[in-house]
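Below: the structure, in structure tokens.
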Amino acid sequence: MLQKTSPEIGGMGHSVKRKEDLRFVQGRGTYVDDVHLPGMVYGQMIRSPYAHARITGIHTEAAKKHPGVLAVITGQDLEKAGLAWMPTLFHDKQMVLATGKVLFQSQEVAFVVAEDRYTAADAAELIEVEYEDLPVLVDPHRALDGDAPILRDDREEKTNHIFHWEVGDRQATNQELESAPVRAKVNAVFQRCHPAPLETCGCVADFNSATGRLTVWATSQAPHAHRTLFALVAGIPENNIRIIAPDIGGGFGNKVPIYPGYVCAVVASLQLGRPVKWIETRSENLQSTGFARDYHMTAELAAERDGTLRALRVKTLADHGAFNAAAQPSKFPAGLFSVCTGSYDFPSAFCEVDGVYTNKAPGGIAYRCSFRVTEAAYLIERVMDVLAAELQMDPVELRLKNFIPSDKFPYQSPLGWTYDSGDYRAAMNLALDKIGYSELRKEQEEKRKRGELMGIGVSSFTEIVGAGPAHTFDIVGIKMFDSCEIRVHPTGKAIARMGTKAQGQGHETTFAQIVAQELGIPVTDITVEEGDTDTAPYGLGTYASRSTPTAGAATAMASRKIREKARKIAGHLLEVSEEDLEWEPGKFFVKGAPGKAKTIQEIAFAAYTNVPLGLEAGLEAVHYYDPPNLTFPFGTYICVVDIDKGTGEIKVRRFVAVDDCGNIINPMIVEGQIHGGLTEGLAIAFMQEIAYDESGNVQGGTFMDYLVPTAVETPNWETDKTCTPSPHHPLGAKGVGESPNVGSPAAFVNAVVDALSHLGVRHIDMPITPWKIWQILKEKGVAE
Ligand code: CDP
Numbered sequence: 006m007l008q009k010t011s012p013e014i015g016g017m018g019h020s021v022k023r024k025e026d027l028r029f030v031q032g033r034g035t036y037v038d039d040v041h042l043p044g045m046v047y048g049q050m051i052r053s054p055y056a057h058a059r060i061t062g063i064h065t066e067a068a069k070k071h072p073g074v075l076a077v078i079t080g081q082d083l084e085k086a087g088l089a090w091m092p093t094l095f096h097d098k099q100m101v102l103a104t105g106k107v108l109f110q111s112q113e114v115a116f117v118v119a120e121d122r123y124t125a126a127d128a129a130e131l132i133e134v135e136y137e138d139l140p141v142l143v144d145p146h147r148a149l150d151g152d153a154p155i156l157r158d159d160r161e162e163k164t165n166h167i168f169h170w171e172v173g174d175r176q177a178t179n180q181e182l183e184s185a186p187v188r189a190k191v192n193a194v195f196q197r198c199h200p201a202p203l204e205t206c207g208c209v210a211d212f213n214s215a216t217g218r219l220t221v222w223a224t225s226q227a228p229h230a231h232r233t234l235f236a237l238v239a240g241i242p243e244n245n246i247r248i249i250a251p252d253i254g255g256g257f258g259n260k261v262p263i264y265p266g267y268v269c270a271v272v273a274s275l276q277l278g279r280p281v282k283w284i285e286t287r288s289e290n291l292q293s294t295g296f297a298r299d300y301h302m303t304a305e306l307a308a309e310r311d312g313t314l315r316a317l318r319v320k321t322l323a324d325h326g327a328f329n330a331a332a333q334p335s336k337f338p339a340g341l342f343s344v345c346t347g348s349y350d351f352p353s354a355f356c357e358v359d360g361v362y363t364n365k366a367p368g369g370i371a372y373r374c375s376f377r378v379t380e381a382a383y384l385i386e387r388v389m390d391v392l393a394a395e396l397q398m399d400p401v402e403l404r405l406k407n408f409i410p411s412d413k414f415p416y417q418s419p420l421g422w423t424y425d426s427g428d429y430r431a432a433m434n435l436a437l438d439k440i441g442y443s444e445l446r447k448e449q450e451e452k453r454k455r456g457e458l459m460g461i462g463v464s465s466f467t468e469i470v471g472a473g474p475a476h477t478f479d480i481v482g483i484k485m486f487d488s489c490e491i492r493v494h495p496t497g498k499a500i501a502r503m504g505t506k507a508q509g510q511g512h513e514t515t516f517a518q519i520v521a522q523e524l525g526i527p528v529t530d531i532t533v534e535e536g537d538t539d540t541a542p543y544g545l546g547t548y549a550s551r552s553t554p555t556a557g558a559a560t561a562m563a564s565r566k567i568r569e570k571a572r573k574i575a576g577h578l579l580e581v582s583e584e585d586l587e588w589e590p591g592k593f594f595v596k597g598a599p600g601k602a603k604t605i606q607e608i609a610f611a612a613y614t615n616v617p618l619g620l621e622a623g624l625e626a627v628h629y630y631d632p633p634n635l636t637f638p639f640g641t642y643i644c645v646v647d648i649d650k651g652t653g654e655i656k657v658r659r660f661v662a663v664d665d666c667g668n669i670i671n672p673m674i675v676e677g678q679i680h681g682g683l684t685e686g687l688a689i690a691f692m693q694e695i696a697y698d699e700s701g702n703v704q705g706g707t708f709m710d711y712l713v714p715t716a717v718e719t720p721n722w723e724t725d726k727t728c729t730p731s732p733h734h735p736l737g738a739k740g741v742g743e744s745p746n747v748g749s750p751a752a753f754v755n756a757v758v759d760a761l762s763h764l765g766v767r768h769i770d771m772p773i774t775p776w777k778i779w780q781i782l783k784e785k786g787v788a789e
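Numbering of the sequence shown is given in our numbering, commencing with residue 6 and proceeding in unit increments.
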């Protein structure tokens, strides 16, 4: 049981206002583009207009002669330095600057450096690249055809196939599917989308030839991993590399990989001995940096006539673009997609995924998602609705019938995961009550009689977050622990540093709250610092909602180490044995004599002025936390939509989100996370797609085509929570950041399909635009 803290201390459960917002609301954050160093110059990328073409010549003379231009770097130059290719985060390599041929539109071909940004852009126009067209492969379903062009002629294997991965019991699942009285099937595409953070990617690379030190200010969600990779790839000693990730304007997985722009800026700085800034434009960000999803999935369910589930079979084709640059743990080619059995108790399941190359930007990254969990949650929640329609059963009833019972936790899933805790029925019931489900169904019935289109969509998702336990989880070999170091100063104030790096999640507040909870030091007296590899302990960074499950746990454990030392000092000050002391947040007191106490501030002072003989001075600790398991947050989302038969326009009338992330550190921040993630889910469901035409031209490469919802399009989110603590996390907390993005797409789509189900509609692929709906209505003869 966690002890309660006062609002002044502000530990777990207090809606402490975000400390970081003081600087953000005053426009005083420091983002990479705010870094200005003496002598700094600017880099500009030259990109391919073609999706697949041989490079027959690059003419850089005119650009080099342009006044103000300092350098032009091509793939051939990088080849000489052994840097033309770099490893991706997932068992592949990727061109830094193209040599030989280009493999996707907007691929990096050359890098020009000039005294200012405008000169660099002008000079970029002077670089002439000669291309010879090659046949383009856009459709992943064609990738393995005999006549498909082989894209990666650099690889020994002359195929576009990247990997086959499978898990579960194929035979048992096939048998169930053959013998079951009822089957349901859906073919669903989770379209290629992009995190589109407000701040694009960029860096300032500063090589100091006098000291041999390279400092890189970078939009990095994982600064330590980037430092190690720079050391391994560029051969610079790791102690001579400092990565600083300053304030970050949203990452959502987009800022996990190392992009060619970073490498080129570093190379240019090494070459010129001057700091080099490279900042992407919006289009560059959308067109060339890590995309997400692009999963082409089939799910089949086997069930009894009463709806009892017997088996799930999943087959998926994963489009990874030109290079397999998935940012995910190295043992999981399809990320954590095998959580696709979701919240349901399946006797058997089987899942297989094949990855292929196409002429598209490389990826895929975990966009606010634990490595393909969003695709998994979407698929199972979609096919459950298809089965409900098949059985003519209420989708809520089907779910309630098949939920993993709360007394079955820890639950062993047929695809290999051990779910830590859950009470799915409680979350569902709360959501049903809150939205008034039975009244809505009655309203829908009446509206249908009048020919009006209204739909109710339910999604009761289960997540898997907190990568991850060292025995299974690593990225490029580095185990996925995370860390915290805390120093308590003599006056009782403290600084805590973690291996994670927030991009808007509010760690400066919530991690301070964890220290406040454990040590009773007021949250206002604790500074949290992340993102500087020279000062923070090594960690794997922030993505996949892992910060609370890993670094949050490390923060609690480091605090507890400090508390144990504080107990010794308190015993010394109070002249009693340690065993005679009791703790309440902020002080130790003598058992039975609450008046005889020493506050944490008094103890901190004594740690530097009056330590007992034989005890080290100071009050600090570091902890590297290896989580024993992942955490499994969950929730039920219910969406109500009305559809205009004249225009196909969809209005989200209501959306209730009940989330369960165990014990909550800061309810206000969690609510903010839910609001943000739901808004992203709305955008994915209705607006966003990075599409390509058959020549490989990007169709969603600007904000004119790739729509970002504003307050006008965003409905009112109604949030609530249940609380099922994680049994293995020191604070009982689970991650939450990605849950709304993971759980909501299915709720939106289920609502729209439900509105049209009486017309025989069983599935519509995202993004569900008014045009798509209007076409369906026209086909069904109900468009007005
Ligand atoms: O890794 P990331 O920070 O993106 O995700 P997270 O661990 O789910 O945390 C997102 C934000 O919600 C952080 O500020 C957390 O401290 C906060 N949070 C919370 O207050 N209570 C929880 N049980 C989980 C997260």
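For each residue, glycine too, the CB sits at the ideal point set by N, CA and C.
Inter-residue Cα distance where the pair is residue 632 and residue 733: 8 Å
Opening and closing residue of the beta strand (DSSP E) in which residue 47 lies: 46-52
Near the ligand CDP: residue 671 beta-carbon under 7 Å from a heavy atom: yes
Any non-hydrogen atom of the ligand CDP closer than 7 Å to residue 739 Cβ: yes
Residue 353 - partner residues in DSSP beta bridges: 316
Cβ neighbours of residue 654 in the same chain (closer than 6 Å, five flanking residues each side left out): Only 775 meet the Cβ criterion.
Uninterrupted alpha helix (DSSP H) stretches inside the segment 169-223 (no shorter than 4 residues): You should have 175-184.
DSSP three-state assignment for residue 417, whether helix, strand or coil: strand
Selected residue, minimal CA-CA separation from residue 609, among 740, 496 and 422: Among 740, 496 and 422, the Cα nearest to that of residue 609 is on 496.
Residue of 778, 743, 767 and 788 minimising C-alpha distance to residue 377: 743
Top-ranked residue by Cα proximity to residue 617, from 659, 570 and 606: 570
Bridge partners - residue 629, DSSP secondary structure assignment: 488
Alpha-carbon spacing of residue 228 relative to residue 53, whole angstroms: 29 Å
Proximity winner among 510, 545 and 558, relative to residue 523 (alpha-carbon distances): 558
The segment 393-406 contacting the segment 695-702, beta-carbon criterion three pairs below 8 Å: no
Start and end residues, alpha helix (DSSP H) containing residue 687: Unbroken alpha helix (DSSP H) run through residue 687: 672-691.
Separation of residue 145 from residue 268, as counted between CA atoms: The straight-line gap from Cα to Cα measures roughly 29 Å.
Every unbroken alpha helix (DSSP H) inside the segment 586-653 [4 residues or more]: 605-614
Close beta carbons around residue 337, own chain, < 7 Å, minus the five adjacent residues each side: 376
Between the CA atoms of residue 257 and residue 501 - distance to the nearest angstrom: A straight-line Cα-Cα distance of about 24 Å links residue 501 and residue 257.
heavy atom of the ligand CDP below 7 Å from residue 675 C-beta: yes
Buried/exposed call for residue 341, threshold 16 Cβ in 10 Å: buried
Outcome for residue 444 when other beta-carbon atoms lying within 10 angstroms are tallied against a minimum of 16: exposed
Heavy atom of the ligand CDP within 7 Å of residue 640 beta-carbon: no
Residue nearest to residue 759 in terms of C-alpha spacing, selected from 459, 651 and 299: 459
Touch test, the segment 578-595 against the segment 657-670, Cβ-Cβ under 8 Å, three pairs minimum: no
Contact check, residue 647 vs residue 658, beta carbons under 8 Å: yes
heavy atom of the ligand CDP below 7 Å from residue 512 C-beta: yes
Classification of residue 675 by the beta-carbon crowding that lies within 10 angstroms, buried from 16 upward: It is buried - the Cβ of residue 675 has at least 16 other Cβ atoms within 10 Å.
Three-state secondary structure assigned by DSSP to residue 478: Three-state result, residue 478: coil.
DSSP-derived helix/strand/coil call for residue 265: helix
Residue 5 vs residue 683 beta-carbon contact at 8 Å: Outside the modelled stretch of the chain, which goes from 6 to 789, sits residue 5, for which no answer is possible.
Run of the beta strand (DSSP E) containing residue 92, from where it starts to where it stops: 90-92
Cα-Cα separation between residue 635 and residue 466, rounded to whole angstroms: 16 Å
Beta carbon of residue 307 nearer than 8 Å to that of residue 316: yes
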